[in-house]
Structures are given as C-alpha cells and as structure tokens.
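Heads up, the thing below is written out as structure tokens.
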Amino acid sequence: MKPAVASLRKEFIVNVRSNQIPDITFLPSLNSYAFVNGIEVVSMPENLYIRGSDYQIPLVPNQISFNIDNTSALETLYRLNVGGNEVSITDDTGMFRLWLSDDAYTYAAYGFTPHREVPIQYTKDTPPYTAPKIVYTTTRTMGNQSLTYNLTWRFPVDSGFYYLLRLHFCEIQLEVTLENQRVFIIYINNQTAQRRADVIHWSGGTGIPVFKEYVIMVTDPDGCRNKQDLWLAMYPKLDSRPEYGDAILNGLEIFKLNRTDDSLAGANPELVLSPPPGPFTLSPQKKNNKKAPRLPVIISSVVGGGSVLVLILGFLIFRRRMRVKDLGSTQPKSSWVPLSDGSKSTKTSGSSLSCDLCRRFSLEEITSAACNLAGGFGNVYKGHIDNGATTIAIKRLNPSPNQGAREFQTEIGMLSKLRYLHLVSLIGYCKDNRKMILVYDYMANGTLRDHLYK
C-alpha cells in the first residue's frame, strides 16, 4: 500500500475578459521554492457567483447592500452537501466541484438528516447548474429537539476579510407544503442575517430549490491575521407561530473575497494527510468533431456576453513522506469522548457530535492555551485553542472533597446539553492529575452582569 501524502487544494473564481489570457504566476518566499502538481481551469456560467454590479447582497448585520463586481476574486473555502454524503466532482453539474459532507463542521447537536427522492424543479433564478440534485434531496433539520438547541456549524477562516455565504434550501419533506409551516432565523457570527426564513415562501413549493446569499466581515482587531471561527446558526422563529418549530439547510458554500489590494493571502493552511490519489476517470462522453483536450484546459473559451469566468480547481500540492506536526507525538491530544470515563472515543476532534459528547482536553493543552494558568482573574482564565482559531474561557474548579468526580461528571453532562443562542456553551473539560477544569466559549463583550451593573 502506498504511503499517505500531505495535500493542499486551492480553488479560486476570477473573471477573465474575452480578450484576456489567464496568467498564473508562482512567486516563492525568500529561501523557499514554489511548485504545483496540477492545475485545472474550468469555464462556468457568467452569473453563477460573480453576478455584476446590479446584484446586491445584504451585508450582515446592518443589511446594507454589498456589491461583488467583475473585478472581484473569490477563494472557495467550503462547499458542503448538508446532511448528506460527499458528492464527487464527476457528479457535479459539469464544473467538477467537490461537495463535502458537513459532518465535520456541525457543532454540538447533530440534528436530523432526512433524505427523500422528490423531483427537483429548477427555476430561472436557480438553474440546474447551481448545484446537483443530490444536494437538494438531502438536508439537515432540527427535528423534535428544536427548542433545546440551535442548528449550528463552525468554520475556521482568516481574519481581516469579507466572506460570502451561499445557503441552499429546498423543502423535501411532504409535511411542509405551505407558507409559515416552517419559519426560522439565520444567524452568522451571532448576528442576525435573516429575521424570517421561510423556504416555501421563497421558492413557491416543495422540491423547488432556492439559495440566499449574505456577506459578513471577519474583523482582525489585533492585526495578527489569525484564524477565527465563522459561525452559522439557525433557530425557529416562534413568534411567527409556525406549524413546525424547526430549521432546515440543504447546502452551503463559503467564499473569501479579495481585499482592496486584490490580495487573498491569509495564514498558511495546515497540510493534512490523505490517501494517495487513485486513478481518475471520467464518464465517457459523446464523440464530436473535435478531440477533447486534456486537463488542464479551459473547457469553453467564451461564455455569455464576451467574457469568460474561470474556476481554478487545483493546486494539488503533494509532499511525499512529509512529517506532519504532532504526528507521532507523545503529548496527549484532545478528543471528543463520551462523558462516561470508561467509554471509548467515538469521534475525533472536529467531528460532528451527538448531544451526549464533549471535548476532553489534556492538561498540557490547557496549560499551553492559558500560559500555565497564570495571570487569570480568580479561577477563570482566557486562552486560545486550535492554533489560535478559538478563544476560550477556562474555569478551574476546586478539587475539594465537596466537588467529587461524580458531581464533576454530572455538571459536565448537564452543561454539554445546554445549547442556546444567548448562553455560553461548554466546549469541553479536563480531568488530568486530579485537576477539574471546564472550558467555555469566551465572552468577548463581558457578561450580562457587567452590563447591568456598570
């Protein structure tokens, strides 16, 4: 069996005029070199992502219009088949896009993933090339626990950029056929993006796909350009008195927008180990008068009104036998584990969780995240995990006889199931060397008490 390889894949969307020839240049940093294993250039419909100056997108949270014109460049960060399996490039709508499962990005509650083979009726506003049918026939909903948690996803992104989020919706459950049967609120980074989301109202019926787009700025307050988490959450809009207190999402695409200096550069991504690529074959195509060119190619030279939109899928960079940081390290790492001490881990870090799972940290991780637990206020400390992407609050409990292991475990069990938009969530815990530590989301703006008693 061939050894695993570390790979890096980048995808960009740029507009190329009819009289232009795309030019890709690699400029290595000092004392380093640039290389690439493969480049794919694919034409795409002119108004698929970059829709021109007449198309306005709401900017979260103030809802002012944001424009993505033909001079913009986009980097695709996430393209997900929500509630379903991975959709390979050969099953896309002809543009070789890869749709991953969203399992690795769901936060806390997993929700439900109904699948129904309903006829998908594309429209003028949502043409067939928008997303493959399989994306619209799978979905993630909140189910009968919709009043106890939010439907939430978390995505690491670079700070200091605007981000475009495209949310794909399609009602496939036969019970939902009328307006106001399922109404929900959409939050992005804990800010309201859509106050009233009603898919039937948007689309007009069952099996009719529709998408909504939002732009948000992920600020870089300290100027360090670190990774931050971009959050997407949904919760039923109960004041509309819908028939079902639920939310739904079928697909999601997230793009990073270039800065005013045309830069898309951010922090270097981590290389991940993946199996060696196997043979790649395309389904046989009908013969025509011209021979099909080999990739990399521009499949179509002109699209629409004299311009070409190209989708660069690739930069498949492989470093064989490369050592990945922390691979084989003896230092224990955190993991998602059941609350019962005797159970085995059922998910790796970053995987989707069921409501009875919680992240267990090693003591080394806790001390590293909070500078050896020094300089905190009382028994609560500020720290950073996941390479600085997530800011946390660390609470060290008193290991006295009054706070026994059973009480500690009970407290974790209760807090891990408490998921609400306006309450701080429990991320995990540490129980090493007789230490009892809880890890929460960090309250950047302080507590409610801080604001009530200023």
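Using this note's numbering, the final residue of the sequence shown is 451, and nothing's skipped along the way. C-beta: ideal position from N, C-alpha, C; glycine also. Predicted model only: the values in this text are computed from it and were never measured.
Could you say which of the options lies nearest to residue i if we only look at CA atoms?
i, options, result
"Thr87", "Gly81, Gly80 and Leu95", "Leu95"
"Val180", "Phe158, Arg192 and Gln170", "Arg192"
"Ile36", "Thr22, Pro42, Ile47 and Asp100", "Thr22"
"Val154", "Thr134, Thr203, Tyr102 and Asp122", "Tyr102"
"Thr90", "Ser40, Gln60 and Phe63", "Ser40"
"Glu168", "Ala244, Arg151, Lys121 and Lys224", "Ala244"
"Ile389", "Val115, Asp217 and Ile434", "Ile434"
"Asn187", "Met440, Arg446 and Asp447", "Met440"
"Ser15", "Asn67, Asp122, Leu420 and Met139", "Asn67"
"Val436", "Ser359, Leu445 and Leu449", "Ser359"
"Thr138", "Gly80, Gly157 and Ser156", "Gly80"
"Thr120", "His112, Arg431 and Gly204", "Gly204"
"Leu445", "Thr407, Leu420 and Asn28", "Leu420"
"Gly242", "Ile182, Asn223, Trp228 and Asp258", "Ile182"
"Leu261", "Tyr184, Phe158, Ala190 and Leu27", "Phe158"
"Pro239", "Tyr104, Leu175 and Ser26", "Leu175"
"Asn59", "Leu246, Ser29 and Tyr184", "Tyr184"
Does DSSP classify residue i as helix, strand or coil?
i, result
"Phe166", "strand"
"Leu74", "strand"
"Tyr119", "coil"
"Leu449", "helix"
"Gln406", "helix"
"Thr388", "strand"
"Pro189", "At residue 189 the sequence reads Thr, which differs from the Pro that was named. In the structure shown, Thr189 sits in a strand (DSSP, three-state: E or B)."
"Leu171", "coil"
"Ile21", "coil"
"Gly303", "Note that Gly303 scores 36 on pLDDT, short of 50, meaning its location in the model is unreliable; the coordinates nonetheless yield the value given after this. The answer is coil: DSSP assigns Gly303 none of H, G, I, E or B."
"Met440", "coil"
"Phe109", "strand"
"Ile47", "coil"
"Gly91", "coil"
"Leu435", "strand"
"Leu412", "helix"
I'd like the span of the beta strand (DSSP E) that includes residue i, first residue to last.
i, result
"Ser40", "Ile36 to Met41"
"Ala101", "Counting along the chain, Ala101 falls outside any beta strand (DSSP E), and DSSP gives it neither H nor E."
"Phe152", "Leu148 to Asp155"
"Gln53", "Gln53 to Leu56"
"Phe181", "Phe181 to Ile185"
"Leu423", "Leu423 to Cys427"
"Ile382", "Val377 to Ile382"
Starting from residue i and walking both ways along the alpha helix (DSSP H), at which residues does that stretch end?
i, result
"Ser365", "Leu360 to Ala366"
"Ile65", "It is not in any alpha helix (DSSP H) - Ile65 carries neither H nor E in the DSSP assignment."
"Ile131", "Lys130 to Tyr133"
Check whether the Cβ of residue i sits closer than 7 Å to any heavy atom of the ligand GDP, and report yes or no.
i, result
"Gln225", "Looking for the ligand GDP in the displayed structure turns up nothing, as the structure carries no ligands at all."
Could you tell me which whole alpha helix (DSSP H) segments of length 4 or greater appear in the segment 191 to 250? 196 to 200
Meets three-Cβ-pair contact criterion under 8 Å: the segment 230 to 237 and the segment 40 to 47: no
Using 8 Å as the Cβ pair cut-off and three pairs as the minimum, do the segment 200 to 209 and the segment 159 to 168 touch? yes
At least three beta-carbon pairs within less than 8 Å, the segment 113 to 131 to the segment 211 to 218: no
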